[in-house]
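Here is the structure we will look at, set down as structure tokens.
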Amino acid sequence: MLHHIKYFLFKLKVTQPSEHNISKWLQLNYVYRLEYSLINGNYKTRKWAAEALGILGMSSSIPILFDAINDRVQNVSIAALNALELIECKDELGTIIIKKRFEWLKNERERKAKQKANQGKKYNIYRWERTSKKNFEMVKERLKRPIR
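Residue numbers for the sequence shown follow this note's numbering, beginning at -19 and rising by one.
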């Protein structure tokens, strides 16, 4: 009974469902409530709802999960991708999108790891080291000339 009240308060935008509420809706197979949570919840609720929809494996929630792939929070889009993979979306376009998105996520993680690894390094490259040898020789010749 309490989960019905929690859903009603969520629809009124008074509160957000907790992980316990999402798991209760998962146990009772309330697909509509999970889909509504995926669309209208905060980022934690959307992530939990996407994971729950993946566990349920209902093919009716595939379009909503495809919309969730483009979520601005990366954890939600990853959860939606994992859910689509659990559902085993047999649509050719769906498998291509999932594959491309996973490749993009892999590249993004590698880029962030590379940034983090190079974060503490200090580069002591002086301006004269950046110039080519020809320019450096030209500067040396100019310095030898007397100042007018």
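Even glycine gets a Cβ: it sits at the ideal position worked out from N, Cα and C.
Please read all numbers here as calculations on a predicted model, not as lab measurements.
| Check | Outcome |
| --- | --- |
| Between the CA atoms of arginine 91 and tyrosine 16 - distance to the nearest angstrom | 34 angstroms |
| Rounded C-alpha distance that separates alanine 59 from lysine 94 | 24 angstroms |
| Integer Cβ distance of glycine 34 from leucine 85, believed to fall under 8 angstroms | Contact doesn't hold; Cβ gap of about 16 angstroms is too wide. |
| With 16 other Cβ atoms within 10 Å as the buried cut-off, status of phenylalanine 116 | exposed |
| Rounded straight-line distance, which links the Cα of glycine 100 to that of leucine 61 | 33 angstroms |
| Inside the stretch -10 to 19 only - alpha helix (DSSP H) runs reaching at least 4 residues | -1 to 7 |
| Extent of the continuous alpha helix (DSSP H) run through proline 126 | That residue, proline 126, is in no alpha helix (DSSP H); it is neither H nor E in DSSP. |
| Closest Cα partner of arginine 26 within the set Val53, Leu36, Pro43 | Val53 |
| 8 angstroms contact criterion, which isoleucine 44 and isoleucine 19 should meet: CB distance rounded | 7 angstroms |
| Nearest residue (CA-CA) to serine 41, options Leu14, Asn55, Ser57, Thr(-5) | Leu14 |
| Rounded straight-line distance, which links the Cα of aspartate 51 to that of valine 119 | 54 angstroms |
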